[in-house]
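For reference, the structure is listed below as structure tokens.
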Amino acid sequence: MLQSEILTSLFQEAVKIRETEELFLKLFSEGKLNGTIHTCVGQEFNAIAVCNCLRDNDFVVSNHRCHGHYLAFKNDFSGLIAELMGKQNGICGGIGSSQHLFNKNFLSNGIQGGIVPIAAGISFAKKNESKDDIVAVFIGDGTFGSGTLYESLNLISLYNLPLLVICENNFYAQATPLREHLAGDIIYRVKSFAIETFQTDTWDLENLIVASDEAVSFVRNLRKPAFLLINTYRLNAHSKGDDNRDPKEIELYKQKDLINRYKISNPDEYNKMYQTAVNEIKDIASKLESLNTLDIENYITKNHKQNNIEWGKIEYTNQKISDRIYKFFNDYMKKDSKVIMIGEDVKYPYGGAFKISRDLSKLYPTQVIETPISESAITGFGIGLSLMGYHPFVEIMFGDFITLCMDQIINHAGKFYHQYNKQVKCPVVIRTPMGGRRGYGPTHSQSLEKFLIGIDNVKVIALNTLIDPYEIYETIYNEYDQPVIVIENKTDYNKLNSILELENYEITKSNEKYPTVKISPVNHKPDLTIVTYGGSVSLIKKVIDEIFYEHELFSEVFVISKLSPIEVDSIIESAVITKNLITLEEGKLEGGIGSEIISTIIEKVKVGLNIKRIAAEMVPIPSAAELENFVIPNEQKVISEISELIHE
Amino acid sequence: MNNTIDIKLPKDNVNDEFVRILSCPFNDGDEVKQNDILIEYETSKADVEYASENIGYIKYLCKSGDEIKPGETIIRLFQNIDDLKQSSMKVEKPTKINTSSKTRFSKKAEKLINEKKIPYTQFQNFSFVTSKDISSNLLDNNGFKDYDKSDQEKLNTENKDIFTEEISNTKKREIDNLRGVQSSNLTSVVAKSIHIENLNNWINTNSTALPQSVLPLIVFESSRLLKKYKYLNSYFSEDKIHFYQYVNIGFAIDLEKGLKSLTIYNADKKTYPRVETEIINLSEKYLEDELTKEDLTNSTFTISDLTSERSTFFIPLINKNQSAILGIGKTENQINLILSFDHRVVTGKYSQKFLNDLAERIEVYIKSDLKEIIICSKCLISLREESKLSGKGLIRIINSDGKIDFICINCLLGN
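The listed protein sequences derive, respectively, from chains A and B.
Every letter in the first sequence is one number past the one before it in my numbering, and letter 414, counting from 1, is 414.
Every letter in the second sequence is one number past the one before it in my numbering, and letter 2, counting from 1, is 2.
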């Protein structure tokens, strides 16, 4: 039996949470809340039971229905109410609101399953740094539809992470009942990952408390993952207004609800609790009413623009690109134990599909994590690590597989800085080789960087053979402020970082952080401006030589390193002089990098330009050599397309 | 290296991003004095000769045909010949990286070189050689030197009755300017005469300063007509016709200071008195050697008035970057309008129409009976009526608004 003081305080907490949720519903109906809310009315005790076992250094990760978890863990009513009222002193300045909260060791986001690998990453850091701290992540029954969850459970078990997964099974995934969205059984699923399971429900309070304590202690003491299933029920709709459940069923659970029963069994205590809670909450709300929303200038950060571009000599290492990348990791893993490489098949002796990681796992065993084939989860895992002050470098084996990471990149890594009102940075680095010309066929030859540009707060860098990749990675390491995606090139790996043998052309690089290389004809005004990046550099020599030979035209070529956000200051001057702007990429034409480069330049330039985008055909890349050579721009194609532009 | 002077390409014309080197008259190592022309280059506005401000031994850091950005160092003057010799051993341009000495020829250049049998060694200092480099640097447009130099030299030395005078750079530039359109051999001429008995009267009465000159009127009227006859306000280049969006009339002047064309900007937008004033001002600047580059360039159409020399008829030559030129000749009571035009741009019919239109407009001035138009500002009597009365005519005055007006003697005397 629980002692009455404990009971009272539990109920007090639960009532306060419930009344906060009721306040939100009221504010919403009064039009004072922008957006929607997913209330946890009926599930309050789940949060209280688990969070009462947690400590200040633990970390809680939650989902769209996170109010109860937040209030139980952080006891920050004022911050949450301000947040939902859109005030600037809300937890996230009113930006994240209901589903997107962050406060030091509490994080929630609105994508089902997306948070779980991030929680895993955070718990990996905890495992390294502490004997006691754990991570708790709350999911629902609906989350068992998400592939990322299964990927994450696999990782969690494989790496033996001190992570507690709490599933609040309220028998509905939004409007779909359990029996219609979940085949089989939840516990059996989890057991199949060799994760310890615990089970309880909301309505037996004592059992709930005991089970939560057991589960938390298991994780904390044994430093192993566990799963706690809490059968529960939400008394309100999924969000607002959309409740098609059988009213009889809802009524049944309303009567089962502990607070409602307490109302009947202990009316006086209840009323006291109710009054106290309501007064406190009303007080908070009324004080907040008059406060301001966040200033827009504090939200939108303008990109720092480089004004004075200077061109200088390039130092070539004349070493293989792959050697230089390996050297970066070797040097920096030695210097900094928080540099972590995460990827598939990266361990020695295999050393990675393109032999970049080589023997790093032998030299730095705690810093190389070999993963199962789980692109989505390993990206989330890297994100979690980056939130904890690590330098994770996630290797996605083929650029074609980046599609599996899109949710983590777009809805997690790219968003955290802004949606949490700049409380966190997410400096995860994802490296992946793109490009064809090896006959690997449609799903192993693509250049998908065009889908990665223009994502809020994410930098995209493309390596090329003219700039030492070591320098690029060093800059990324030192900047440590944003998610970065590095596009490497398969066929460049074995090429040397060396000069382009071009008669009578001057090759210099800009003083930008991610340098642009400029190839200019000596003492001649250029007639064409060509902008390219990455692997397409290999075509440049023959193309510009032939353009001169056949057409007596001089080309000035710019090889950019940073694809996103695009900066065109170094290119504009040339475009204005030549009035002919050509972009060259290995990716497919429509919506490509060339489109973005050209639009950005044309917006800034006051004169009209002749433009041409040269890119791959809009079909999957075939494996047969002649066909591949036709689909991906080759020298002949580039020359003939430029010739067409000239003759128009 | 204290004794070297670096000469940078001046930023003459702020709009030019690149400037073309035309000639480097000296050889590396030659001694040069002050005022020697060290280098000639072509900007978008004019050809410029750079005169030395110092003495020294010259070394070029560029060559003919190069396109250089203003501000770059193009010449180095050494005070000590040994320093110059030593510098040849070092890398010449520290800012230029990755240059190679191997010359790259274009396909057309190769073809021309093979056809004309030009030795490749002539281009050894060039980084790139295009067909333009060959035609403009070495040969004239026909691809040959059009006289055998050695024969001419022989003639000079044998016959002592022949006095040789070197043509000035200005003349060379004039030739080069005129060569532009005329070398196409596709120019032609149309003409039109206008009787101008009464015109003289009009000119005398309306013009403020220029006596007897029909030029301002023709500038005034033809500039407006050129808005309609766009093809005469254009130029031919590389199979395209480039239309000017503005009308700048250049008028030829050849008094003591050589033949020049002075530009009246946006003549079509200027009033008649303003046109007159500008012609006068520009002519004064010409006489006083105060012309600026802007005065001498940018014209879109030229008018050459030889009525003062009483030329009956002449064929004016079309200037570079234009497609027509209007000459004015004179016979006793008529002026002859002569239009040379580029047949690649317009036909005789079109050009004649322009002249006819122009003649019509001028004739309006003649036909308008001035005697009707001029009236006393007080009693409104017309000149014609007055001439029937006292025949004393009207007096021209400046009225209280500062404008030119007329008054009859009666009103003046207060009758």
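Every residue, glycine too, gets a C-beta built ideally from N, C-alpha and C.
- The beta carbon of cysteine 24 of chain B sits no closer than 8 Å to any beta carbon of chain A.
- Tryptophan 311 of chain A is a Cβ neighbour of lysine 518 of chain A, given a cutoff of 8 Å.
- Below the 7 Å Cβ cutoff, chain A contributes Asn523 as neighbours of isoleucine 68 of chain B, in chain order.
- Here isoleucine 111 of chain A is not bridged, per DSSP, to any residue.
- As computed with DSSP, cysteine 408 of chain B is found in a beta bridge with B/Leu394.
- Taken in chain order, the members of the segment 504-536 of chain A whose beta-carbon sits within less than 8 Å of a beta-carbon on chain B are Asn504, Tyr505, Glu506, Ile507, Thr508, Pro521, Val522, Asn523, His524 and Lys525.
- Assignment of threonine 366 of chain A by DSSP, reduced to helix, strand and coil, places it in the helix class.
- In the displayed model, lysine 270 of chain B falls within coil according to three-state DSSP, outside both helix and strand.
- Between isoleucine 593 of chain A and asparagine 489 of chain A, the alpha-carbon positions lie close to 16 Å from each other.
- Considering only B/Ile315, B/Asp36 and B/Lys108, the residue with the shortest C-alpha distance to leucine 77 of chain B is B/Asp36.
- Of the residues A/Tyr172, A/Ile540, A/Asn160 and A/Leu7, the one whose Cα lies closest to the Cα of glycine 145 of chain A is A/Tyr172.
- Close to threonine 130 of chain B, with beta-carbon spacing below 7 Å, are these residues of chain A in chain order: Glu552.
- Short of 7 Å from the beta carbon of threonine 187 of chain B, and not among the five residues preceding or following it, lie these beta carbons of its own chain, in chain order: Val181, Ile318, Ser340, Phe341, Asp342 and His343.
- Put simply, of A/Asp400, A/Ala575, A/Val486 and A/Gln174 the residue whose alpha carbon is nearest the alpha carbon of isoleucine 530 of chain A is A/Ala575.
- According to DSSP, residue pairing for glycine 140 of chain A in a beta bridge involves A/Glu168.
- Sorting A/Asn464, A/Leu385, A/Met388 and A/Ser337 by C-alpha distance to the C-alpha of tyrosine 364 of chain A places A/Ser337 at the top.
- Annotation: cysteine 411 of chain B has no Cβ neighbours in chain A at a cutoff of 9 Å; minimum Cβ distance is about 60 Å.
- Within chain A, Tyr549 and Glu550 have C-beta atoms less than 7 Å from the C-beta of lysine 107 of chain B, given in sequence order.
- What phenylalanine 18 of chain B touches in chain A, judged by beta-carbon distance under 7 Å, is Lys525, going in chain order.
- Cβ-Cβ separation between glycine 352 of chain A and glutamate 395 of chain A: approximately 7 Å, consistent with a contact (criterion under 8 Å).
- For lysine 579 of chain A, the secondary structure class from DSSP, reduced to helix, strand or coil, is coil.
- Residue pairing from DSSP leaves tryptophan 203 of chain A without any beta-bridge partner.
- Cβ contact annotation for glutamate 590 of chain A (same chain, cutoff 7 Å, sequence separation greater than five): Met618, in chain order.
- DSSP places methionine 434 of chain A within a strand segment (E or B) once states are collapsed to three.
- Phenylalanine 398 of chain A sits in coil when the DSSP states are folded into three classes, being neither helix nor strand.
- Under a criterion of Cβ atoms nearer than 9 Å, the residues of chain A adjacent to lysine 102 of chain B are, in order, Glu503 and Asn504.
- With respect to chain A, the C-beta atom of serine 127 of chain B has a partner C-beta closer than 8 Å.
- Residues of chain A whose Cβ lies closer than 8 Å to the Cβ of cysteine 62 of chain B are, in chain order, Asn523.
- For the segment 541-578 of chain A, the full-length alpha helix (DSSP H) segments reaching 4 residues or more read 569-578 along the chain.
- Shown here, methionine 618 of chain A sits in coil according to DSSP, grouped into three states, outside any helix or strand.
- Judged by beta-carbon spacing, tyrosine 533 of chain A lies within the 8 Å limit of glutamate 585 of chain A, meaning their Cβ atoms are closer than that value.
- C-alpha of proline 117 of chain A to C-alpha of valine 61 of chain A: approximately 10 Å in a straight line.
- Asparagine 610 of chain A has A/Asn580 as its beta-bridge partners, per DSSP.
- In this structure, aspartate 295 of chain B and leucine 259 of chain B do not form a Cβ contact; the two beta carbons are roughly 14 Å apart against a cut-off of 8 Å.
- The Cβ-Cβ distance between leucine 500 of chain A and isoleucine 507 of chain A falls below 8 Å.
- Glutamine 99 of chain A counts as buried, since no fewer than 16 other beta carbons sit within 10 angstroms of its beta carbon.
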